[in-house]
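Single-structure report; data block below.
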Amino acid sequence: MSLVIFSTVSLIAVIYFAVKPKSLTPLELVMIVILVIYLDSNVMDIVMLNLKRIHLSENLAGQFAFYCTFILLYPLMIAWNIDHISSIRHKLGKFIFVLLTILTITGFESLSKYVKVVTYVNWNWWLDLAQWLTIWLATYFIHKLFQKLVLKELKQ
Numbered sequence: 198m199s200l201v202i203f204s205t206v207s208l209i210a211v212i213y214f215a216v217k218p219k220s221l222t223p224l225e226l227v228m229i230v231i232l233v234i235y236l237d238s239n240v241m242d243i244v245m246l247n248l249k250r251i252h253l254s255e256n257l258a259g260q261f262a263f264y265c266t267f268i269l270l271y272p273l274m275i276a277w278n279i280d281h282i283s284s285i286r287h288k289l290g291k292f293i294f295v296l297l298t299i300l301t302i303t304g305f306e307s308l309s310k311y312v313k314v315v316t317y318v319n320w321n322w323w324l325d326l327a328q329w330l331t332i333w334l335a336t337y338f339i340h341k342l343f344q345k346l347v348l349k350e351l352k353q
């Protein structure tokens, strides 16, 4: 069941991301996706392997569902969010959109717990929220630095 849920949602996200008009360049989008995967994998390595606070499912379908969200869904959601907030003019609208995206990702994390893709040990919803807020902030600021660097190089 978890495989069907998360693979379907990930497939819809990939299709939507592919056909949606974007304001960022493909290089920026690839940088954001790779950065989110890198940051999330480091956080999950620390939490799963070192702290042993999250345990991955033993069955193959659960593991595939976890990696489907980990590699496809969450990075695309953050890349789409950063791409979309560049077109929102009001700061409150940007804040609400970012918060809704982070809450959606946290909701998917809770769904993965509910369908037994992962098991939490001394880990809760608030830590997921803090994790994704930190990943989003780091990605956003690194993206802004990347934009300045690319624009500086293009002007020369």
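Mind the numbering: the sequence shown is residues 198 to 353 in our numbering, read in order. Beta carbons: idealized from backbone N, C-alpha and C, even for Gly.
Do the CB positions of residue 214 and residue 265 come within less than 8 Å of each other?
Working through the sequence shown from its first residue, we reach residue 214 at position 17. Working through the sequence shown from its first residue, we reach residue 265 at position 68. In this structure, residue 265 does not lie closer than 8 Å to residue 214 by Cβ.
Output the residue ranges of the alpha helix (DSSP H) runs that lie fully inside the stretch 204 to 257 and measure 4 residues or longer, sorted by chain position.
Listed in chain order, they are 223 to 242.
My output table needs one value for residue 318: the three-state DSSP class, helix, strand or coil.
As a working mapping, residue 318 is identified with position 121 in the sequence shown. Reduced to three states, the DSSP call for residue 318 is coil.
Which residue's Cα is closest to the Cα of residue 270: 347, 303, 348?
Residue mapping note: residue 270 aligns to position 73 of the sequence shown, counting from 1. Here the closest residue by C-alpha is 303.
Please go through the same chain and pick out, in chain order, the residues whose beta-carbon is closer than 6 Å to the beta-carbon of residue 272, but skip the five residues on each side of it.
In the sequence shown, residue 272 corresponds to position 75, counting from 1. Within the same chain, residue 272 has close Cβ partners 230, 233, 234.
Using a 10 Å radius around the Cβ and a threshold of 16 neighbouring Cβ atoms, would you call residue 293 buried or exposed?
Against the sequence shown, residue 293 aligns to sequence position 96. With fewer than 16 other Cβ atoms within 10 Å, it is exposed.
Sorted by chain position, which residues of the same chain lie with C-beta nearer than 8 Å to residue 282's C-beta, five sequence neighbours on each side aside?
For the purposes of this step, residue 282 is taken as residue 85 along the sequence shown, with counting starting at 1. Closer than 8 Å at Cβ, skipping near neighbours: 291, 294, 295.
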